[in-house]
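Residue numbers (my numbering): 996 to 1343.
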Ligand SMILES: NC(=O)c1ccc[n+]([C@@H]2O[C@H](COP(=O)([O-])OP(=O)(O)OC[C@H]3O[C@@H](n4cnc5c(N)ncnc54)[C@H](OP(=O)(O)O)[C@@H]3O)[C@@H](O)[C@H]2O)c1
């Protein structure tokens, strides 16, 4: 079989760079072109020094893109929908990492993003990109929209509980702690080292746009409210989501174990992490850097019938590039783990 010819738009970014790291070593893929307007003509190692001597690719402009099999888009929010006319004829399949096509309802998009969608008729054509939830649709999909990183960590933690209807749907409170690479590689006051270093900063106590994805994926035909807050902490990569879920029935920890095993036991990238003792009793993002895992743990507070579900991912991997490659593998019928086998580093 000929290799699948892929190109990456926005390859100088953090998510694009991570895609490139994965796709260069994917045995079924040939990376054709990578774009950056700022670094046009420069070797990719200029921006991604980890890729020195791994590729001779240089950045090209979006206007230079040629036809390929799959186009991965790693552009900032708003850019993909603005330029989609240019991208659609170039590739049979598109995997977009931005938020532009995640919501399947134009009204919801307007509500959360504050403006009308430019191509609302395309929203239904994009499959929401969490493979564990949408594998069957992905098998025949032409277009996939990767999920937000905070949304991925939260939805994977809550999905079995909401699907089974075991929770008070409007009472779940989620707090995520996020690393700085979530903000991309553009420089801002908030990312300036003396300002960002050592901070534990609540940056979105309410109103985070990823809530729209969570409520879309966890609704199952009912209305619900997810109460979500986000805090920046001293990490480069990683998301730790702590979800406080109020159960609507009496359950034991064994019941909860069984539930997660039922939903995720056969999923190669989801691990239930719950040890009785030792250091590593619950998920920790640090241990997941560079991997495509989502680790999920929990503890039941019988006193209040509150289940605390703890989930961790690497935002650039399971929260972006790794998730996109996982979807790509499904679209082409490759082994689920192809190109995603890295087990992480310890200690790190
Ligand atoms: N960072 C994360 O953890 C994460 C997780 C999940 C999803 N995402 C999503 O992935 C996308 C990329 O995120 P990122 O963190 O990689 O951002 P980033 O580091 O800022 O990279 C953005 C990329 O887009 C290019 N670009 C910027 N403006 C452009 C424009 N108007 N036209 C064409 N190219 C443009 C940049 O290239 P130039 O060199 O030309 O400037 C760069 O390659 C975003 O939509 C983000 O929401 C990010």
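Glycine included, every Cβ here is placed at the ideal spot set by N, Cα and C.
Secondary structure at residue i, three-state DSSP: helix, strand or coil?
i: residue 1286; result: coil
i: residue 1038; result: strand
i: residue 1027; result: strand
i: residue 1309; result: coil
i: residue 1089; result: strand
i: residue 990; result: Absent from the model: residue 990. The displayed extent of the chain is 996 to 1343, so no value can be given.
i: residue 1221; result: coil
i: residue 1269; result: coil
i: residue 1194; result: coil
i: residue 1251; result: helix
i: residue 1112; result: coil
i: residue 1081; result: helix
i: residue 1292; result: strand
i: residue 1320; result: helix
i: residue 1064; result: strand
Buried or exposed: residue i, going by 16 or more other Cβ atoms within 10 Å of its Cβ?
i: residue 1032; result: exposed
i: residue 1157; result: buried
i: residue 1084; result: exposed
i: residue 1208; result: buried
i: residue 1062; result: exposed
i: residue 1278; result: buried
i: residue 1026; result: buried
i: residue 1325; result: buried
i: residue 1214; result: exposed
i: residue 1274; result: exposed
i: residue 1341; result: exposed
i: residue 1194; result: exposed
Taking the C-alpha atoms as reference points, what is the distance between residue i and residue j?
i: residue 1161; j: residue 1254; result: 11 Å
i: residue 1240; j: residue 1049; result: 45 Å
i: residue 1252; j: residue 1126; result: 21 Å
i: residue 1101; j: residue 1095; result: 11 Å
i: residue 997; j: residue 1058; result: 26 Å
i: residue 1163; j: residue 1295; result: 15 Å
i: residue 1178; j: residue 1187; result: 12 Å
i: residue 999; j: residue 1016; result: 16 Å
i: residue 982; j: residue 1028; result: No answer is possible for residue 982: it lies beyond the span of the chain, which begins at 996 and ends at 1343.
i: residue 1182; j: residue 1176; result: 11 Å
i: residue 1153; j: residue 1051; result: 43 Å
i: residue 1242; j: residue 1236; result: 18 Å
i: residue 1072; j: residue 1329; result: 29 Å
i: residue 1136; j: residue 1023; result: 19 Å
i: residue 1092; j: residue 1228; result: 23 Å
i: residue 1200; j: residue 1103; result: 20 Å
i: residue 1070; j: residue 1122; result: 18 Å
i: residue 1003; j: residue 1089; result: 10 Å
i: residue 1314; j: residue 1109; result: 24 Å
i: residue 1198; j: residue 1014; result: 27 Å
i: residue 1009; j: residue 1244; result: 43 Å
i: residue 1053; j: residue 1018; result: 15 Å
Leaving out five residues on either side along the sequence, give the residues of the same chain with a beta carbon under 6 Å from the beta carbon of residue i.
i: residue 1042; result: 1007 and 1034
i: residue 1012; result: 1043
i: residue 1203; result: 1223 and 1225
i: residue 1332; result: 1263
i: residue 1021; result: 1334
i: residue 1046; result: 1039 and 1040
Using a Cβ-Cβ cutoff of less than 7 Å, which residues in the same chain neighbour residue i once the five nearest sequence positions on both sides are dropped?
i: residue 1293; result: 1251, 1269, 1302, 1303, 1304 and 1305
i: residue 1265; result: 1127, 1151, 1259, 1289 and 1291
i: residue 1114; result: 1076 and 1079
i: residue 1190; result: 1184
i: residue 1323; result: 1065 and 1090
i: residue 1287; result: 1264, 1312, 1313, 1317, 1321 and 1335
i: residue 1248; result: 1295
Excluding sequence positions up to five away, which residues of its chain have a Cβ less than 8 Å from the Cβ of residue i?
i: residue 1343; result: 1281, 1282 and 1284
i: residue 1118; result: 1096, 1098, 1099, 1100, 1101, 1104 and 1112
i: residue 1256; result: 1267
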